[in-house]
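Top to bottom, those sequences are chains A and B.
With numbering that gives the first Met the number 0 applied, the first sequence covers 0 to 129.
With numbering that gives the first Met the number 0 applied, the second sequence covers 0 to 156.
Note that beta-carbon positions come from the ideal geometry of N, C-alpha and C, so glycine has one too.
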Amino acid sequence: MPGGAHTSTNVGSEAGGFRILGGTDGNLRIAAWGYWPADVVASFLANAPLAAQALVPVGIFVFDCKELKPQGAEGQEAIRVLFRVLARSPFAKGLIVRGNAMTCMQLARLLRECSAEKRIEFAEAEAFGS
Amino acid sequence: MGSAEEEVTRVIYKFYDALEDLLRARGTAAMEEIWHHTDYATTSHPFGSWARGWTEVKVNWEEGAAVFGVYKGHEHRSDRIGGINDLKVVVLGDAAYGTGIYRSRLYMSDCELNLNLNCTNIVHRIDGVWKIVHHHADQAQPDWQAAIGRMVEAGHS
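Okay, structure coming up:
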């Protein structure tokens, strides 16, 4: 994401976690991986929806899920909270970076449940040079 | 009680009955029952990556049930969605494995989707009880995976 100073939040371990990269330019990138234990779910719930509120109308949201596994009930609910915020937030483009097909299906279902499927589309990892 | 080979064969057929339940929106209780809930349980499906440990394995089956919760092609049909064919079982002490071919047919609104996948199931006897600890199915062909993805995104089959 070009421009602006960035802040970064890293939570979890190699087995499961997430990283939030937010900028003063109104863009937001969240990278998530693995299977989240309860403490990671709680931190995602506390940080990710709040970070999404900083998006601006010309901003780009990227949810990098290429290393994310399907999440349990609590992890799904934390992602729902983020998607509900995004469904009513102003931003220009929203992308989920594809990975595990089962995870993509879970995220597609959660987007639909949160009425956010029109705001966020799936993109191949290759498009991001990863 | 039959031979170990007969018991393992029964467990593997029960696994595919549980899978049929899951795919037909009858819940995941039978699938949860057929597994030993161990840290070394592993599973891989026609779509998706490895799930390791019972927590992840359980979540994968639950998500599979959610994926197929929108499938209505078998709502008024009596034929099975799928089953294991050419099952061969080998017993080695308290462990056993079965190899076979999973064949399935889904009736979508615009086409039929067929699968023919090699599968392996490993069964472990703990305290005299044989249950699944590992399931592996080949990845489905890309067009099958894409069709299932479209079903999920659309919310209907």
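Please report the distance separating the alpha-carbon of residue i from that of residue j.
i: P1(A); j: N26(A); result: The predicted position of P1(A) is uncertain, since its pLDDT is 48 and thus under 50; no value can be drawn from it.
i: P45(B); j: N113(B); result: 12 Å
i: M101(A); j: W49(B); result: 10 Å
i: T6(A); j: A50(A); result: 10 Å
i: S77(B); j: I19(A); result: 49 Å
i: A29(B); j: R23(B); result: 12 Å
i: A64(B); j: E19(B); result: 10 Å
i: G16(A); j: A37(A); result: 11 Å
i: E32(B); j: R149(B); result: 31 Å
i: V163(B); j: W35(A); result: In this structure chain B extends from 0 to 156, so residue 163(B) is not present and cannot be described.
i: G127(B); j: E5(B); result: 14 Å
i: G11(A); j: E152(B); result: 30 Å
i: G52(B); j: T37(B); result: 6 Å
i: A17(B); j: R83(A); result: 34 Å
i: H133(B); j: N120(B); result: 6 Å
i: A41(A); j: G58(A); result: 26 Å
i: G22(A); j: Y39(B); result: 41 Å
i: Q144(B); j: N99(A); result: 12 Å
i: E55(B); j: E111(B); result: 30 Å
i: R118(A); j: F60(A); result: 10 Å
i: K92(A); j: Q105(A); result: 21 Å
Just to check my reading of the structure: residue i and residue j have Cβ atoms closer than 8 Å, yes? What is that Cβ distance to the nearest angstrom?
i: A122(A); j: R97(A); result: 7 Å
i: L94(A); j: P48(A); result: The Cβ separation is near 18 Å, so there is no contact.
i: A94(B); j: H123(B); result: 6 Å
i: S103(B); j: G68(B); result: At roughly 17 Å, the Cβ-Cβ gap does not stay under 8 Å, so S103(B) and G68(B) are not in contact.
i: Q75(A); j: L109(A); result: 6 Å
i: R79(A); j: E112(A); result: 7 Å
i: I125(B); j: G99(B); result: The pair is not a contact, with the Cβ atoms about 23 Å apart (cut-off 8 Å).
Cβ closer than 9 Å: which chain B residues qualify as neighbours of residue i?
i: R111(A); result: V151, E152, A153 and G154
Whose Cβ in chain A lies nearer than 9 Å to the Cβ of residue i?
i: Q215(B); result: Missing from the structure shown is residue 215(B); chain B here goes from 0 to 156 and no further.
i: A65(B); result: M104, Q105 and R108
i: E111(B); result: Within chain A, no residue comes near E111(B); the closest Cβ sits about 20 Å away, beyond 9 Å.
Just the chain B side, please: which residues come within less than 8 Å of residue i by C-beta, in chain order?
i: C64(A); result: Result: empty, since nearest Cβ-Cβ is about 12 Å, beyond 8 Å.
i: A107(A); result: G148, V151 and E152
i: E116(A); result: E152
Residues of chain A with CB closer than 7 Å to the CB of residue i, please, in chain order.
i: F46(B); result: A100 and M101
i: N59(B); result: P69 and M101
i: E55(B); result: Y34 and K68
i: E31(B); result: Going along chain A, no residue has its Cβ under 7 Å from E31(B), so there is no contact; the nearest lies around 14 Å.
Residue i touches chain A at which residues, Cβ-Cβ below 8 Å?
i: E5(B); result: Simply none; closest approach about 33 Å.
i: E19(B); result: Simply none; closest approach about 19 Å.
Are the C-beta atoms of residue i and some chain E residue less than 8 Å apart?
i: E19(B); result: The structure shown contains no chain E; its protein chains are A and B.
On the DSSP bridge assignment, give the partners of residue i in chain order.
i: A30(A); result: R18(A) and D63(A)
i: I119(A); result: G93(A)
i: L44(A); result: For L44(A), which the question treats as bridged, DSSP gives no partner whatsoever.
i: C118(B); result: G99(B) and A136(B)
i: T8(A); result: I19(A)
Subject >> Segments assigned alpha helix (DSSP H), at least 4 residues, entirely inside the stretch 47-114 of chain A >> reply: 72-86 and 100-112
**OP:** Note down, one range per segment and in chain order, each alpha helix (DSSP H) of at least 4 residues found wholly within the stretch 48-106 of chain B.
**Re:** 53-66
Original post:
Quick one: complete beta strand (DSSP E) runs, 3+ long, within the stretch 3-57 of chain B?
Top reply: 41-43
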